[in-house]
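Report on one structure; see the data block that follows.
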Amino acid sequence: MKISANLIKTGNVLKHKEKMLEVLNTSIIKPGKGGAFIQVEMKDIKSGVKFNERWRTSEYVEKITVNEIEVTFLFFENNNFTVMNNQNFEQMTYSSELISGKEKLLEDGMKIILELVDSKVTKVKFPKNVKVEIASADAVVKGQTASSSFKNAITTNQLKILVPPHIKEGDKILISSDTLDYVEKAKD
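So the sequence shown is residues 764 to 951, counted in the numbering used here.
Next comes the structure, spelled out in structure tokens:
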């Protein structure tokens, strides 16, 4: 589907120079002289290589339709993870390369979203925040009351994170699935 370049949004998938590209960032630039153009930072879905492209806002680009399927995580086996489609209960297995670096966030029964382009999974989306339990946390240093002070902690699923001084062993907290940073103490 052709769209005007000024309608490109972060998260879109474009077909450009025979490649499937995920849009990471966009900025419209209006020079003092001449027409406006859009600067787009993209990542090749297959190779992961990032690059920038510039289009006039009046030009057209090919946008690819991305389908999303909500699935439930079941288990890891070898270097693969298995999920169940929530619509038809079909089990599917994918390479753990799709979630590299975030394997420890997955828990049995967690709902995640698979993004498909041309029937091929290109991205796994986690919930924005994930609840984890603190297995151990450093002791608070007396007199260290600065609001920006954080201490080391390890979660029950072996993630090493920084948490505020009031968090202790056994507490449940929310962390960002994108950055793995502390967000807040869980409300339950």
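Glycine included, each C-beta is placed from N, C-alpha and C at the ideal position.
For residue i, tell me which candidate among the options has the shortest Cα-Cα distance.
| i | options | result |
| --- | --- | --- |
| Lys883 | Glu831, Phe836, Val926 | Glu831 |
| Ile917 | Met873, Val903, Ile897 | Ile897 |
| Ala799 | Ser767, Asn775, Lys778 | Ser767 |
| Val904 | Gly795, Ile792, His929 | His929 |
| Thr919 | Ser899, Glu947, Ser912, Pro927 | Ser899 |
| Ile862 | Gln854, Glu853, Asn851, Phe836 | Phe836 |
Are residue i and residue j touching if we call contact CB-CB under 8 Å?
| i | j | result |
| --- | --- | --- |
| Val893 | Leu868 | yes |
| Ser858 | Asn842 | yes |
| Ile827 | Val880 | yes |
| Asp944 | Ile936 | no |
Given residue i, which residues of its chain have a CB within under 6 Å of its CB, disregarding the five upstream and five downstream residues?
| i | result |
| --- | --- |
| Lys923 | Ile917 |
| Lys891 | none |
| Thr885 | Ile808, Glu878 |
| Thr856 | Asn843, Thr845 |
If residue i sits next to residue j, beta carbons under 8 Å apart, how far is it from one beta carbon to the other, in whole angstroms?
| i | j | result |
| --- | --- | --- |
| Lys914 | Asp901 | 4 Å |
| Glu825 | Asn815 | The pair is not a contact, with the Cβ atoms about 18 Å apart (cut-off 8 Å). |
| Thr789 | Ile808 | Actually they do not touch by this definition, with Cβ atoms about 17 Å apart. |
| Gln802 | Arg819 | No, Gln802 and Arg819 are not in contact; Cβ-Cβ is about 11 Å, not under 8 Å. |
CB-CB under 7 Å to residue i, same chain, minus the five flanking residues each way: which ones, in chain order?
| i | result |
| --- | --- |
| Glu833 | Asn849, Lys874, Ile876 |
Might you give, ordered along the chain, the residues of its own chain that have their beta carbon closer than 8 Å to the beta carbon of residue i, omitting 5 neighbours on each side?
| i | result |
| --- | --- |
| Tyr823 | Lys765, Ile766, Ser767, Ala768 |
Which whole runs of the alpha helix (DSSP H) in the stretch 832-872 are 4 residues long or more, in chain order?
Entirely contained in the stretch 832-872, not one alpha helix (DSSP H) run reaches 4 residues.
Could I get the ranges of all uninterrupted beta strand (DSSP E) runs contained in the stretch 868-939, with 3 residues as the minimum, in chain order?
874-880, 883-888, 892-900, 914-918, 923-926, 935-939
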